[in-house]
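No gaps in the numbering here: position 129 of the sequence shown is 129 in full-length UniProt numbering, and each next residue is one more.
Beta carbons: idealized from backbone N, C-alpha and C, even for Gly.
Nothing here was measured: the structure is a model prediction, and the numbers come from that model.
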Amino acid sequence: MKKKLFAMLFTLLLCVSLVLPAFAEESLPRLVDDADLLSASEEADVLKKLDKIKATYGMDAVIVTVDSTEGLPPMAFADDFYDYGGYGKDGVLLLVSMEDRDWWISTSGYGITAFTDAGLEYLSEQFLDDLSDGEYAKAFHTFADQCRDFIEQARTGKPYNSGNLPKKPFGVVKHLLIALAGGLIVALIITGSMRSKLKTVRRQPKATSYVVPGSMQVTRSSDMFLYRHVDRTEKEEKRSGSSTTHTSSSGNTHGGSGGKF
């Protein structure tokens, strides 16, 4: 009887030990808004996207906002928060510190592969304007959407890098070109109509036709330097197709990028 009871208790403890780590992992906060930049509903919407990335790809995408990094460099704060926050080996974390308006993206594990140096530069360009304008929810949604896109691309074996970046939106440029083309067509029609009315005016083939005979006499001549034309070609900036890494205080390897907003 005692042996049977012991076996049952052992089985129960084993089941609990297997369930608790998985439960704890799902309970990790992937959105920590200590700076209180989002409303409750905005937090829920952003967190839903971050949790879906974890469920779909097995990678942690984390957003942390703080009032201050307490004297730590943003890079060190972001790395330590990821390392000691109990997140998985593979992931990416966006830190936003309001005190000095710093931001930093820390990558870990497969996140270093998925988010190259050039990729991080592109990614940050997508949300920094909204971050600077105080559109925090919009910026964080963009970050989450980009993370999903970057991870999917990396899984094809060709992560986004300097020679393989997403094409930038063409909408604004397209509308501008259409407007310019339309204006040019209208201008040509108007000038063509005006030219057709000037029937008495004809272009002369020689410059002398526009000069009254004997009206111009050259008394002195000299050479004068008026201008010069120099063509300059911008030198292409060399970018690495990989990720620059460093070691955090915990001894883990991280990639990353950051700046001001």
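DSSP state of aspartate 145 mapped onto helix, strand, coil | Start at 1 with the first residue of the sequence shown, and residue 145 comes out as number 145. In the structure shown, aspartate 145 sits in a helix (DSSP, three-state: H, G or I).
With distances taken from CA atoms, which of Ile151, Trp103, Gly111 is nearest aspartate 129?
-> Within the sequence shown, residue 129 is the residue found at index 129, counting from 1. Relative to the Cα of aspartate 129, the nearest Cα in the group Ile151, Trp103, Gly111 belongs to Trp103.
Please confirm whether glutamate 43 and aspartate 34 have their CB atoms less than 8 Å apart.
-> Numbered from 1 along the sequence shown, position 43 holds the residue referred to as residue 43. Numbered from 1 along the sequence shown, position 34 holds the residue referred to as residue 34. It is not a contact, given that the beta carbons lie outside the stated cut-off.
Only counting runs of 4 or more residues, tell me where the alpha helix (DSSP H) segments fall wholly within the UniProt domain "TPM" (32 to 148), in order along the chain.
-> The UniProt domain "TPM" (32 to 148) contains these whole alpha helix (DSSP H) runs: 40 to 57, 74 to 84, 110 to 114, 117 to 132.
Report the residue from Ser41, Asp83, Ser257 whose alpha carbon sits nearest the alpha carbon of serine 249.
-> Numbered from its first residue, the sequence shown carries residue 249 at position 249. When each option's Cα is compared against that of serine 249, the closest is Asp83.
Could you check the C-alpha separation between alanine 139 and glycine 251 for me, to the nearest Å?
-> The sequence position of residue 139 within the sequence shown is 139, counting from 1. The sequence position of residue 251 within the sequence shown is 251, counting from 1. When only Cα atoms are considered, alanine 139 and glycine 251 end up about 31 Å apart.
Beta strand (DSSP E) containing lysine 260: first to last residue?
-> Taking the sequence shown and counting its residues from 1, one reaches residue 260 at position 260. Unbroken beta strand (DSSP E) run through lysine 260: 253 to 260.
State the start and end residues of the unbroken beta strand (DSSP E) segment that holds threonine 247.
-> Taking the sequence shown and counting its residues from 1, one reaches residue 247 at position 247. Looking at the DSSP string, the run of the beta strand (DSSP E) that includes threonine 247 is 245 to 247.
How would you label lysine 54, buried or exposed, when you count the other beta carbons within 10 angstroms and need 16 or more for buried?
-> Here residue 54 refers to the residue found at position 54 when the sequence shown is read from its first residue. Buried is the call here.
Give me the Cβ distance between valine 66 and serine 97, rounded to the nearest whole Å; I'm assuming they're in contact under 8 Å.
-> Here residue 66 refers to the residue found at position 66 when the sequence shown is read from its first residue. Here residue 97 refers to the residue found at position 97 when the sequence shown is read from its first residue. At roughly 5 Å, the Cβ-Cβ gap stays under 8 Å, so valine 66 and serine 97 are in contact.
Leaving out the 5 sequence neighbours to the left and right, which residues in its chain are closer than 6 Å to glycine 258 when beta-carbon positions are compared?
-> One-based indexing of the sequence shown puts residue 258 at position 258. The answer, listed in chain order, is Pro74, Trp103, Trp104.
Report buried or exposed for alanine 78, applying the criterion of at least 16 other Cβ atoms within 10 angstroms of its Cβ.
-> As a position in the sequence shown, residue 78 is number 78, starting the count at 1. Alanine 78 is buried by the Cβ-count criterion.
How many whole angstroms separate the CB atoms of serine 162 and alanine 118, which I take to be in contact at a CB cut-off of 8 Å?
-> Along the sequence shown, one-based indexing puts residue 162 at 162. Along the sequence shown, one-based indexing puts residue 118 at 118. So it is a contact: roughly 4 Å between Cβ atoms.
Work out the CA separation of lysine 89 and leucine 135 for me, nearest whole Å.
-> Counting from one through the sequence shown, the residue named residue 135 turns up at place 135. Counting from one through the sequence shown, the residue named residue 89 turns up at place 89. Residue identity differs from the one stated: residue 135 is glutamate in this sequence, not leucine. For the pair glutamate 135 and lysine 89, the Cα-to-Cα distance works out to about 30 Å.
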